[in-house]
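>
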Amino acid sequence: MFSGLREKVGQVLVPGDEFCLEIPETLSLSEPMKPEKVLLGPGLKRKGDRKLLVVKSGVLRHKQPHVFWVENQQRRYVPARGETVIGIITVKSGDVFKVDVGGSEQASLSYLAFEGATKRNRPNVQVGDLVFAQFSVANQHMEPELVCVDSAGRANGMGVFGAGGLLFSVSLGLIRRLLRPRSDVLSDLQKLLPCELVVGMNGRLWARASSVQQTLVVSNLLQSCDTMSPPQRQQLFRRAAQGAL
Amino acid sequence: MSPPSPRSRSMEVCARTNVTLREFGCEQTLLSRPDGSASFVQGDTSVMAAVYGPAEVKVSKEIYDRATLEVLIQPKVGLPSVRERSQEQCVRETCEASLLLTLHPRSSLTLILQLIHDDGSRLSCFLNAACMALMDAGLPMNCLFCGVTCAINADSEIITDPTAAQEKESRALMTFAIDSKEQRVMMSYTTGSFSVHELQQCIAVSQKASENIFQFYRDSVRRRYSKNL
Numbered sequence: 086m087f088s089g090l091r092e093k094v095g096q097v098l099v100p101g102d103e104f105c106l107e108i109p110e111t112l113s114l115s116e117p118m119k120p121e122k123v124l125l126g127p128g129l130k131r132k133g134d135r136k137l138l139v140v141k142s143g144v145l146r147h148k149q150p151h152v153f154w155v156e157n158q159q160r161r162y163v164p165a166r167g168e169t170v171i172g173i174i175t176v177k178s179g180d181v182f183k184v185d186v187g188g189s190e191q192a193s194l195s196y197l198a199f200e201g202a203t204k205r206n207r208p209n210v211q212v213g214d215l216v217f218a219q220f221s222v223a224n225q226h227m228e229p230e231l232v233c234v235d236s237a238g239r240a241n242g243m244g245v246f247g248a249g250g251l252l253f254s255v256s257l258g259l260i261r262r263l264l265r266p267r268s269d270v271l272s273d274l275q276k277l278l279p280c281e282l283v284v285g286m287n288g289r290l291w292a293r294a295s296s297v298q299q300t301l302v303v304s305n306l307l308q309s310c311d312t313m314s315p316p317q318r319q320q321l322f323r324r325a326a327q328g329a330l
Numbered sequence: 296m297s298p299p300s301p302r303s304r305s306m307e308v309c310a311r312t313n314v315t316l317r318e319f320g321c322e323q324t325l326l327s328r329p330d331g332s333a334s335f336v337q338g339d340t341s342v343m344a345a346v347y348g349p350a351e352v353k354v355s356k357e358i359y360d361r362a363t364l365e366v367l368i369q370p371k372v373g374l375p376s377v378r379e380r381s382q383e384q385c386v387r388e389t390c391e392a393s394l395l396l397t398l399h400p401r402s403s404l405t406l407i408l409q410l411i412h413d414d415g416s417r418l419s420c421f422l423n424a425a426c427m428a429l430m431d432a433g434l435p436m437n438c439l440f441c442g443v444t445c446a447i448n449a450d451s452e453i454i455t456d457p458t459a460a461q462e463k464e465s466r467a468l469m470t471f472a473i474d475s476k477e478q479r480v481m482m483s484y485t486t487g488s489f490s491v492h493e494l495q496q497c498i499a500v501s502q503k504a505s506e507n508i509f510q511f512y513r514d515s516v517r518r519r520y521s522k523n524l
């Protein structure tokens, strides 16, 4: 359908590039027309009836069978439904907490959205706590809402955390590389130092290793390997392993 | 025989004139704190741009269905004056036309442009740096834009991308913002006296020059994403 789209996978696109729907020249009356579906991810928008518009600069990626998106390197997070993020509680007012997730507005988190919370049994959350939560509502029209339970009511790793570790920011590209199924950055880090890592898709990372010095080493390594190619990163990790850092 | 229409005449001029732009260069993501940053150099004129957004906005400035774009231009020395305010308005109107502001209602986008050195074609350098910084920040845009400055000197010759000395001797100075999809004029800022025919010639020359600039944008973005991370 969008034949130009498949050809450009892996190429760098800039905003303003358009792709047109191609209409077959002859329509067969005997065979049924197979409807072809295309799922658009970030960076691609539908324009009118027959055109696709590229709205961000980056590399066009494709996942079988029909998902296309533009991968870019940006630092600013925009809330999206279903993403797990690290938030900081800023206000505790009545039944709702306000959480800073690094977006354009603060998200709201209800006190009932924790595992085992009832009106009598309130969760122990204070202002300034770190919380790992998921967006249940996140679009441009409404205030974003977070929950610390999944659809079955279980915490599943979400909730308040953070004693004894360090929170720092990295770019969204590095977060995506860490969350890949077989991430090289993560495996290189695991070989180097055992540490506990919480990855928030809003660009925030929380790390805790066995000592304060090792925690600082982990945070410095991750912040500096943001823009490094794999050979440079492996060299950096090797130097850290030898104790040069 | 009727005289040739102005449009065909300006196209002849285009085919004949060699559009010469000074050497330009740019760098993206050079600042660590802003969400997007870029520096653009045209000859000796150099500008640095930084973008913050989409971020929180004051309730007095928020717009219910669009993002609020604020542009700040800092001159090389001194405080911003009326001239900077009028240039800010030109840059802001161009950016608002090319950004998809409805995707981020009730948020603020701030664009800060710092003039590092001025050797002519200041407004077009601001526009080019702004476009690269907005791309670097990952803000959704429906087209790219670029700025081209033309000067008409005493001999009625059109000079593109004039230096400060050429600007001083010119009798008319025009800056156009051109979009990347159909090469149309998005914004124009003119001073001096010129005829309608000369205006159309300058627009045609600017549209031709914009092709070089858009190709340069594409090449720099390609080089930036060529590193296999």
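If you're matching them up, the sequences are chains E and P in order. For what it's worth, our numbering labels the leading residue of the first sequence as 86, then goes sequentially. For what it's worth, our numbering labels the leading residue of the second sequence as 296, then goes sequentially. All residues carry an ideal CB built from backbone N, CA and C; glycine is no exception.
1) By the three-class DSSP mapping on this structure, what secondary structure does P:Cys-438 have?
2) CB-CB under 8 Å to E:Asp-180, same chain, minus the five flanking residues each way: which ones, in chain order?
3) Using a Cβ cut-off of 7 Å, pull out every chain C residue sitting near P:Ala-350, in sequence order please.
4) Quick one: using the 10 Å Cβ neighbour count with 16 as the cut-off for buried, is P:Ile-349 buried or exposed?
5) Threshold first: 4 residues or longer. Then list the alpha helix (DSSP H) segments lying entirely within the segment 384-449 of chain P, N to C.
6) In chain P, which residues lie with their C-beta within 9 Å of the C-beta of E:Leu-125?
7) Can you tell me which of the three DSSP states E:Leu-112 falls into?
8) For the segment 231-254 of chain E, list every residue whose C-beta sits within 7 Å of some C-beta in chain P, in sequence order.
9) Would E:Ile-173 and E:Val-283 be called neighbours here (beta carbons separated by less than 8 Å)?
10) Tell me which residues of the segment 97-108 of chain E have at least one Cβ-Cβ distance to chain P shorter than 7 Å, keeping chain order.
11) List the DSSP bridge partners of E:Tyr-333.
12) P:Arg-517 touches chain E at which residues, Cβ-Cβ below 8 Å?
13) Can you check whether the C-beta of P:Ser-305 is within less than 8 Å of a C-beta belonging to chain E?
14) Can you give, in chain order, each stretch of the beta strand (DSSP E) that sits fully within the segment 451-517 of chain P and has at least 3 residues?
15) Would you decide whether E:Gly-187 is buried or exposed? Buried here means 16 or more other CB atoms lie within 10 Å of its CB.
16) Straight-line CA distance for P:Phe-511 to E:Gly-95?
17) Could you check the C-alpha separation between E:Gln-225 and E:Val-140 for me, to the nearest Å?
18) Rounded to whole angstroms, what's the CA-CA distance from E:Ser-314 to P:Cys-426? Just pull it up for me.
19) Closer than 9 Å, Cβ to any Cβ of chain P: which residues of the segment 154-185 of chain E, in chain order?
20) Are the C-beta atoms of P:Arg-479 and some chain E residue less than 8 Å apart?
21) Decide if P:His-399 is buried, meaning its Cβ has at least 16 other Cβ atoms within 10 Å, or exposed.
22) Taking E:Gly-247 as the reference, give the member of E:Arg-323, E:Arg-205 and E:Thr-300 with the closest Cα.
23) Which complete alpha helix (DSSP H) runs does the segment 254-308 of chain E hold, if anything under 4 residues is left out?
24) Output the distance between the C-alpha atoms of P:Leu-316 and P:Leu-395, rounded to the nearest integer angstrom.
25) So is P:Ala-504 in contact with chain E if we call contact Cβ pairs under 8 Å?
26) Tell me the DSSP secondary structure of E:Gln-320 in three-state form.
27) Specify whether the segment 368-379 of chain P and the segment 436-451 of chain P touch according to this definition: at least 3 beta carbon pairs, one from each stretch, less than 8 Å apart.
28) Pull up the distance between the alpha-carbon of E:Ala-223 and that of E:Pro-208, whole angstroms please.
29) Which residue from E:Glu-200, E:Phe-199 and E:Val-176 puts its Cα closest to that of E:Gln-191?
30) Compare the C-beta of E:Pro-138 with all C-beta atoms of chain P and state if any pair is closer than 8 Å.
31) Would you call the CB atoms of P:Ser-475 and P:Phe-421 closer than 8 Å?
32) Could you run through the segment 406-435 of chain P and flag, in chain order, every residue whose CB is less than 7 Å away from some CB of chain E?
33) Locate the alpha helix (DSSP H) running through P:Leu-326, then write down its first and last residues.
34) Just to confirm before moving on: does the CB-CB distance between P:Gln-337 and P:Asp-456 stay below 8 Å?
35) Taking only beta-carbon atoms, is E:His-226 less than 8 Å away from chain P?
36) Within 8 Å of any Cβ in chain P, is that where the Cβ of E:Gly-133 sits?
To lay it out plainly:
1) As a position in the second sequence, residue 438 of chain P is number 143, starting the count at 1. P:Cys-438: coil per DSSP, three-state reduction.
2) For the purposes of this step, residue 180 of chain E is taken as residue 95 along the first sequence, with counting starting at 1. Excluding positions up to five away in sequence, the list reads Ser-195, Tyr-196 and Leu-197.
3) In the displayed structure, chain C is absent; the protein chains listed are E and P.
4) For the purposes of this step, residue 349 of chain P is taken as the residue at position 54 of the second sequence. It is worth fixing the name first, because residue 349 of chain P is Pro in this sequence and not Ile. Looking at its Cβ environment, which holds 16 or more other Cβ atoms inside 10 Å, P:Pro-349 is buried.
5) 417-431
6) Walking along the first sequence from the start, residue 125 of chain E turns up at place 40. Ordered by position in chain P, no residue passes the 9 Å Cβ test against E:Leu-125, which lies about 13 Å from the chain.
7) To locate residue 112 of chain E, count along the first sequence from 1; it is residue 27. Looking at E:Leu-112 - three-state DSSP - the assignment turns out to be coil, as it is neither helix nor strand.
8) none
9) Stepping through the first sequence from its first residue, residue 173 of chain E is reached at position 88. Stepping through the first sequence from its first residue, residue 283 of chain E is reached at position 198. In terms of Cβ geometry, E:Ile-173 and E:Val-283 do not form a close pair [threshold 8 Å].
10) Val-97, Val-99, Pro-100 and Gly-101
11) Because chain E spans 86 through 330 in this model, residue 333 of chain E falls outside it and cannot be assessed.
12) In the second sequence, residue 517 of chain P corresponds to position 222, counting from 1. Here the neighbours are Val-97.
13) Numbered from 1 along the second sequence, position 10 holds the residue referred to as residue 305 of chain P. Only weak support is given to the placement of P:Ser-305: the predicted model assigns it a pLDDT of 40, under 50, and the value that follows is read from those uncertain coordinates. Output row for P:Ser-305: interface = no.
14) 453-455, 467-474 and 480-487
15) As a first step, residue 187 of chain E must be located in the first sequence, where it is residue number 102. Looking at its Cβ environment, which holds 16 or more other Cβ atoms inside 10 Å, E:Gly-187 is buried.
16) Here the question's residue 511 of chain P lines up with position 216 in the second sequence. Here the question's residue 95 of chain E lines up with position 10 in the first sequence. Approximately 20 Å, taken between the alpha carbons.
17) Your numbering for residue 225 of chain E matches position 140 in the first sequence. Your numbering for residue 140 of chain E matches position 55 in the first sequence. Using only the alpha carbons, I get a separation of about 17 Å.
18) The count along the first sequence starts at 1 and reaches residue 314 of chain E at position 229. The count along the second sequence starts at 1 and reaches residue 426 of chain P at position 131. Roughly 27 Å separates the two Cα atoms.
19) If the cut-off is 9 Å between Cβ atoms, the segment 154-185 of chain E has Glu-156, Asn-157, Gln-158, Gln-159, Arg-160, Arg-161 and Val-163 near chain P.
20) On the second sequence, position 184 is the one that residue 479 of chain P refers to. Output row for P:Arg-479: interface = no.
21) Here residue 399 of chain P refers to the residue found at position 104 of the second sequence. So P:His-399 counts as buried.
22) Numbered from 1 along the first sequence, position 162 holds the residue referred to as residue 247 of chain E. With distances taken between Cα atoms, E:Gly-247 lies closest to E:Thr-300.
23) Listed in chain order, they are 257-263 and 269-277.
24) As a working mapping, residue 316 of chain P is identified with position 21 in the second sequence. As a working mapping, residue 395 of chain P is identified with position 100 in the second sequence. Using only the alpha carbons, I get a separation of about 30 Å.
25) Looking up residue 504 of chain P in the second sequence gives position 209. The beta-carbon of P:Ala-504 is placed no less than 8 Å from the nearest beta-carbon of chain E.
26) Here residue 320 of chain E corresponds to residue number 235 of the first sequence, with the count starting at 1. Three-state result, E:Gln-320: helix.
27) no
28) To locate residue 223 of chain E, count along the first sequence from 1; it is residue 138. To locate residue 208 of chain E, count along the first sequence from 1; it is residue 123. Taking the straight line from one Cα to the other gives about 24 Å.
29) Taking the first residue of the first sequence as position 1, residue 191 of chain E is located at position 106. Looking at the Cα atoms, E:Val-176 is the closest of the given residues.
30) In the first sequence, counting from the first residue as 1, residue 138 of chain E sits at position 53. A small correction: the amino acid at residue 138 of chain E is Leu; Pro does not occupy that position in the sequence shown. Answer yes: the Cβ-Cβ gap between E:Leu-138 and chain P drops below 8 Å somewhere.
31) Taking the first residue of the second sequence as 1, we reach residue 475 of chain P at position 180. Taking the first residue of the second sequence as 1, we reach residue 421 of chain P at position 126. For P:Ser-475 and P:Phe-421, no; Cβs fall outside 8 Å.
32) Met-430, Ala-432, Gly-433 and Pro-435
33) Taking the second sequence and counting its residues from 1, the one referred to as residue 326 of chain P is at position 31. In the DSSP assignment, P:Leu-326 falls outside any alpha helix (DSSP H) and carries neither an H nor an E.
34) Here residue 337 of chain P refers to the residue found at position 42 of the second sequence. Here residue 456 of chain P refers to the residue found at position 161 of the second sequence. Cβ atoms of P:Gln-337 and P:Asp-456: closer than 8 Å.
35) Sequence index remark: in the first sequence, residue 226 of chain E carries index 141 (1-based). Answer yes: the Cβ-Cβ gap between E:His-226 and chain P drops below 8 Å somewhere.
36) Translated into positions along the first sequence, residue 133 of chain E becomes position 48. It does not: the Cβ of E:Gly-133 has no partner Cβ on chain P nearer than 8 Å.
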